[in-house]
Amino acid sequence: MSCSQFIDQVQILMHTQQMKYWEILFEKSTNYAWLSNKKFTLTFISGKDEFLLRQALQKVNQEERIKVMRQLVSWLDEHPHAQAHKVPETCILLLNRLSTINVINEVTLSRKNSFRNSLRRLSILSNKVSPMVFRKAVTSPQTEKRCVKFKEEPTVYCIRD
């Protein structure tokens, strides 16, 4: 599946979602008949969304694109009242999540092990204050109690027109 085919499928999902949304909207008897007979305009993918989709599609392979398309269809089944412009946004989100997962999984074990070892070394260092430093701080004469003093009569400012 090429990028253009994938984008075409996202566009088709947008159209079907918009038709579902209009059917749900005009099922109600309170809506005007002339409005329900009116043809609705189809929404198309914006240039920004198409650009972001193409960028995200370059990071994933063929099987992952199919997996994302299945996730998108299941998301649309779970959210039948979603608006049509949410379809490409959700698709971009799913593609970015999948590419992030791929990057994390491609990290070699040596990097993971070195990261774990550095965390162990940092956790060995104690964050406690040694007793000698604590005694010096308590017995030093420089530790005076500080307090804040306020004026007896506060100054009140007002804004006049």
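Taking my numbering, the leading residue of the sequence shown gets 7, the next gets one more, and so forth. We treat Cβ as the ideally placed atom computed from N, Cα and C, and that holds for glycine.
On the DSSP letters alone, give me the boundaries of the alpha helix (DSSP H) that ARG103 sits inside. Taken as a continuous stretch (DSSP letters only), the alpha helix (DSSP H) holding ARG103 covers 92-112.
Check MET7 in the structure and name its three-state DSSP category. DSSP places MET7 outside both helix and strand once states are collapsed to three, so it counts as coil.
Which residues in the same chain have their Cβ closer than 6 angstroms to the Cβ of LYS65, if we skip the five residues on either side of it in sequence? Annotation for LYS65: SER105 place their beta carbon closer than 6 angstroms to its own, counting only its chain and skipping 5 residues before and after.
THR49: which of LEU59, LEU63 and MET25 sits nearest, CA to CA? Of LEU59, LEU63 and MET25, the smallest CA-CA separation from THR49 is found for MET25.
Determine the extent of the alpha helix (DSSP H) in which GLU158 is found, giving its start and end residues. Neither: GLU158 is in no alpha helix (DSSP H) and is coded neither H nor E.
Looking only at its own chain, which residues have a Cβ that is under 7 angstroms from the Cβ of HIS21, when we skip the five neighbours before and after it? Excluding its 5 nearest sequence neighbours in each direction, HIS21 has C-beta neighbours in its own chain below 7 angstroms: LEU48, listed in chain order.
Buried or exposed, going by whether 16 or more other CB atoms sit within 10 Å of the CB of CYS153? Within a 10 Å sphere around the beta-carbon of CYS153 sit fewer than 16 other beta-carbons, which makes this residue exposed.
PHE12 classed as buried or exposed, judged by whether at least 16 other C-beta atoms fall within 10 angstroms: With 16 or more Cβ atoms within 10 Å of its Cβ, PHE12 is classed as buried.
Determine, using beta carbons only, whether GLN17 and MET75 come nearer to each other than 8 angstroms. Using a Cβ distance threshold of 8 angstroms, GLN17 and MET75 do not count as a contacting pair.
My output table needs one value for LEU48: the three-state DSSP class, helix, strand or coil. In the structure shown, LEU48 sits in coil (DSSP, three-state: anything other than H, G, I, E or B).
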